[in-house]
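Residue numbers (this note's numbering), protein chains in the order written: chain U, 16 to 207; chain X, 16 to 207.
Number of protein chains: 2
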Amino acid sequence: MRILEDRIVKEGRILPGDVLKVDSFLNHQLDTVLISEIGREFHRLFKDCDVTKILTIEASGIAVSFATSQFFNYCPVVFAKKGGARNIGDDVYHSTCHSYTRGGEYNILVSRNYLSKDDRILILDDFLASGEAMKALIDIARQAGCTIAGCGAVIEKAYQGGAEIIEGLGVRLESLARIRKMSVEEGIDFCR
Amino acid sequence: MRILEDRIVKEGRILPGDVLKVDSFLNHQLDTVLISEIGREFHRLFKDCDVTKILTIEASGIAVSFATSQFFNYCPVVFAKKGGARNIGDDVYHSTCHSYTRGGEYNILVSRNYLSKDDRILILDDFLASGEAMKALIDIARQAGCTIAGCGAVIEKAYQGGAEIIEGLGVRLESLARIRKMSVEEGIDFCR
């Protein structure tokens, strides 16, 4: 998605530890025009998949998922919660993932009330790197017996192996910007 | 906002500790039709205030703010981050608030890059109870020299004093559903 790639080049900042910061439009400040276009693109890619619900994870996946749902006839969005399960009740699906950026393991949780075997789920997230978070969302959707229409990532760090993990689970993956490699010295190189 | 009140009565669950759970449409699963209507209502209330940016707090404020921004000509949304300031950089505004639901204090943070004295800010959140989170957002907006157009809460627990705190700071407040009192035995009574 060219307007997204251009924006990443223009405003993304590469930090030590292989971190790409896109806080000016996706992860802290939200460019709601661009995010609406991201929603339109996810719809174009998955429009024939009879999506009934979008599953994502707090916090940065929420805006993208909301925008996308509008193109899927305002289907519901469910966002998984991270960590300590405060206030969510005991009746949850959960899965564990490892965080490379923050270190350590954390749980993600979804109430059993909001996923069912009748749902055809589109799983969305802002970043795909090692695939840990998306793999956990797939695990939860499968625990609930959902059909998974596919996974969508706004930005994929294609050199970190996440796509192989998701596709190895038998799930279709679409990423809107795929980074082949990046460095402070040489900038960002996309797979095109 | 009558459709919101009706939905709270129909699906809200009152839990011990004076907790109102609205996970089926606002805090975990998102009813994107209702949330779009919430955005339309915030626009109706603040449309003459020359809003240039919406400020909220992760995670449940994000969808409401995204929906509202669409009615304000897709103005940017900034969501404050809670807690440990991972990855956000040092150059932040921060404010501290006390959490009654979780206990203890936590920090909220906004990068200095995304608020300026030229901004006319609409502050939105899903809940207003004691007013701690909204007061911290006002504090941050004032640190940045922004003009505050007003604050909007989707649901206000009007018996917890938050409105008096916000209005005591000289900020206009609009809440879309105002709960006068609630209990498991007697249900929910709205201020109308």
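Quick reminder that beta carbons are idealized off the backbone N, C-alpha and C, glycines included.
Any non-hydrogen atom of the ligand MG closer than 6 angstroms to residue i Cβ
{"i": "X/V92", "result": "Looking for the ligand MG in the displayed structure turns up nothing, as the structure carries no ligands at all."}
Under 8 angstroms by beta carbon: chain X residues contacting residue i
{"i": "U/V92", "result": "Q44, L45, T47 and A78"}
{"i": "U/A82", "result": "F81"}
{"i": "U/K196", "result": "The premise fails here: U/K196 is roughly 21 angstroms from chain X at the closest Cβ pair, so nothing lies under 8 angstroms."}
Among the options, the one whose alpha carbon lies nearest that of residue i
{"i": "X/K25", "options": "X/E200, X/F40 and X/Y129", "result": "X/F40"}
{"i": "U/D106", "options": "U/V125, U/C166, U/G177 and U/T83", "result": "U/V125"}
{"i": "X/I180", "options": "X/M197, X/I153, X/G202 and X/Q158", "result": "X/I153"}
{"i": "U/L139", "options": "U/R22, U/A159, U/I203 and U/L60", "result": "U/L60"}
{"i": "U/C161", "options": "U/A168, U/E171, U/Y129 and U/G177", "result": "U/Y129"}
{"i": "X/C206", "options": "X/G185, X/K172, X/G165 and X/E182", "result": "X/K172"}
{"i": "U/K132", "options": "U/E120, U/M149, U/L49 and U/A164", "result": "U/A164"}
{"i": "X/Q175", "options": "X/I29, X/S190, X/D38 and X/S145", "result": "X/S145"}
{"i": "U/G54", "options": "X/F81, X/Y115, X/G185 and X/A178", "result": "X/F81"}
{"i": "X/L137", "options": "X/A178, X/C166, X/F86 and X/A78", "result": "X/C166"}
{"i": "U/M149", "options": "U/Q158, U/G177 and U/D134", "result": "U/G177"}
{"i": "X/V186", "options": "X/R135, X/I194, X/R195 and X/E201", "result": "X/R135"}
Beta-carbon neighbours of residue i, restricted to chain U and to distances below 8 angstroms
{"i": "X/Q85", "result": "T47 and S51"}
{"i": "X/A144", "result": "Correct list: empty, because the minimum Cβ distance to chain U is about 13 angstroms."}
{"i": "X/Y89", "result": "T47, V48 and S51"}
{"i": "X/K172", "result": "Chain U residues near X/K172: none, gap ~15 angstroms exceeds 8 angstroms."}
Local conformation of residue i per DSSP, three classes
{"i": "X/H109", "result": "strand"}
{"i": "X/E56", "result": "helix"}
{"i": "U/D46", "result": "coil"}
{"i": "X/F87", "result": "coil"}
{"i": "U/L130", "result": "coil"}
{"i": "X/S75", "result": "coil"}
{"i": "U/L70", "result": "strand"}
{"i": "U/G177", "result": "helix"}
{"i": "U/K97", "result": "strand"}
{"i": "X/G167", "result": "strand"}
{"i": "U/V92", "result": "strand"}
{"i": "U/M16", "result": "coil"}
{"i": "X/A156", "result": "helix"}
{"i": "X/G119", "result": "coil"}
Cβ-based burial, residue i [other Cβ within 10 Å; buried from 16]
{"i": "U/K68", "result": "buried"}
{"i": "U/A192", "result": "buried"}
{"i": "X/T83", "result": "buried"}
{"i": "X/P31", "result": "exposed"}
{"i": "X/T111", "result": "exposed"}
Contacts that residue i makes with chain U (C-beta to C-beta distance below 7 angstroms)
{"i": "X/S110", "result": "Ordered by position in chain U, no residue passes the 7 angstroms Cβ test against X/S110, which lies about 16 angstroms from the chain."}
{"i": "X/K150", "result": "Residues of chain U passing the Cβ test: none, with the nearest at roughly 21 angstroms."}
Residue i: contacting residues in chain X (beta-carbon distance under 9 angstroms)
{"i": "U/N128", "result": "D38, S39, H43 and Q44"}
Beta-carbon neighbours of residue i, restricted to chain U and to distances below 9 angstroms
{"i": "X/K132", "result": "Correct list: empty, because the minimum Cβ distance to chain U is about 16 angstroms."}
Item to complete: Quick one: which residues of the region 20-48 of chain X get their C-beta closer than 9 angstroms to a C-beta of chain U? List them in chain order.
Response: If the cut-off is 9 angstroms between Cβ atoms, the region 20-48 of chain X has L30, V34, K36, D38, S39, F40, N42, H43, Q44, L45, D46, T47 and V48 near chain U.
Practice prompt. With 8 angstroms as the C-beta to C-beta threshold (strictly closer), list the residues of the region 58-77 of chain X near chain U in chain order.
Written response: Considering only beta carbons, the part of the region 58-77 of chain X lying closer than 8 angstroms to chain U consists of E73, A74 and I77, in chain order.
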